[in-house]
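Take the sequence shown: its position 343, counted from the start at 1, is 343 in full-length UniProt numbering, and no numbers get skipped. Beta carbons: idealized from backbone N, C-alpha and C, even for Gly.
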Amino acid sequence: MGSENLSQDTLAEQLLELAIKSGAEAAEVYQSRSLSRPVFFEANRLKQLETNQSEGTALRLWRNGRPGLTVAYGSVLAEVMVEKALALSQLNLPEMVELGSNSGPSYPDLGESVPIKVLVDWGKEAIALIRDAYPDVVCNGDWECDVETTRIVNTKGLDCYYTDTTLNCYISAEWVRGDDFLSVADGQTKRGELHPEILANQILQRLIWAGENVSSPTGRVPILFTSKAADMLWGTVQEALNGKRVLEVASPWGERLGKAVVAPSLTLYQDPEAGPYSCPFDDEGTPTQFLVFIQNGILQHFYGDRTTGRQLGTDTTGNGFRPGLGSYPTPGLFNFLIQPGSASLLDLIQELDDGIIVDQMLGGGGSMSGDFSINVDLGYRVKNGQVIGRVKDTMVAGNVYTALKQLVTLGNDADWNGSCYTPSLIVEGLSTTGRSN
């Protein structure tokens, strides 16, 4: 199952032809096929192997300027899809038809598949490394290879497709010590190869830091967010950079182009060729582009789809993505990168006289206002530059925008968390409350 198969499928052409014959003035077909082969481990042992396949088709058309969208999964009849889309179009108000034309459909496939045996071996290796050091720890996890093919075709001549292969793994280590329960989890998303030794060492480092429970500081202390936890801060930033939020006058940065919005050490950007979340075109068929959003703290750009770009007078940035197959394209980020600093994680820890490391948390990030309050699921106290133990029953609260203006140091250990590539960082101005042991 690859891009060649999807590009030779005639369903898209049938849908477009039938839509025009039925009175539509424009139409678009979005197709997605995926193959996933997860390998599951439970209680330190291989539990099961699976193979999951899915295929979906979305037809969007306009008749008398009124849009209609319908979705089908698996084998479908073109006539049924067109009839449904036309019927739905009668319920919608007219809108401008914004479709891209062909800009070069030949894109290389991204990533490489690996055999299931390799996934199994990687999982066994990671678990063995952890349990060699901590025999009482119980490990669970999954390792998988995902292959997804995307094709977009429309009546303006657009026809582009590519296949994306990513490798994912996740492992959790559970440690019961009397009445105390500790769960440490981490994962990787890569192209080509996963690294079980690196993942195991990350888990082992957390288990060492959590060797004993200690009291938490209270008041305003420096907070070190590891690369695994730091993406909590960036969700608010991504929304503030969304062109749609600017149009809604919801973004606090709507009138701040060319002005400082965060600490001067921060540069935030997207790169179509970076990491496992790269993609050559968005869900409107527009080629994606390298784009710097904030450079040295100065706001440079917002991101948007075709409609948002036209309304902002900036044109699309190639960021029109569908939240789901049955959704219209809307501004979204395919990857988001924070330029790392030069300090190692150990260097960051040594900067703290008295502070907290936040590594896992319960609760979401801040809203558009930036205000947040999180419970620290896995955190550690640092005194005089040394980790002295795990903190429990601790909460951190503050404001994302304020915290990013009071950024102290960026680490050099950037890693992918979802589609966000972020290093560890130290911020000030956050409030900490905790229970003394």
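Counting of Cβ neighbours within 10 angstroms places P222 among the buried residues, the total reaching 16 or more.
For P272, there is no enclosing beta strand (DSSP E), as DSSP gives it neither H nor E.
Sorting P115, W175, K405 and L346 by C-alpha distance to the C-alpha of V237 places K405 at the top. Here F336 is buried: its Cβ has 16 or more other Cβ atoms, across all protein chains shown, within 10 Å. For the pair L410 and G341, the Cα-to-Cα distance works out to about 5 Å. In chain order, R66, P67 and G68 place their CB closer than 8 Å to the CB of N92, counting only its own chain and leaving out the 5 sequence neighbours on each side.
The distance from the Cβ of M361 to that of D377 is about 5 Å, consistent with a contact at the 8 Å cut-off. Taking the Cα of G258 as reference, the smallest distance to any Cα among T286, Q295 and G243 is reached at Q295.
The stretch 318-336 makes no contact with the stretch 191-206, as fewer than three CB pairs between them are under 8 Å. DSSP links D159 through a beta bridge to V153. In this structure, the CA atom of I356 is about 22 Å from the CA atom of Y421. Sorting Q53, V137, E79 and S34 by C-alpha distance to the C-alpha of E42 places V137 at the top. For the pair A403 and I374, the CB atoms are not nearer than the 9 Å cut-off. Per DSSP, Q311 has no beta bridge partner at all. Inclusion of A27 and I20 in the CB contact set at 9 Å is warranted, their separation being smaller than that value. Here Q53 has L35 as same chain residues with Cβ atoms under 6 Å from its own Cβ, once five neighbours each way along the sequence are excluded. In the DSSP secondary-structure assignment, A26 is bridged to W62. From the listed residues S32, P94 and D415, the smallest Cα separation to A229 is found for D415. In this chain, Y107 is not harboured by any beta strand (DSSP E), its DSSP state being neither H nor E.
In its chain, beyond the 5 residues on either side, T218 and M395 have a beta carbon closer than 6 Å to the beta carbon of T433.
Just so you know, the alpha carbons of V400 and V249 end up roughly 19 Å apart. Residue pairing by DSSP puts R390 in a beta bridge opposite N213 and Y380. Taking the C-beta atoms as reference points, G297 is found nearer than 9 Å to L266.
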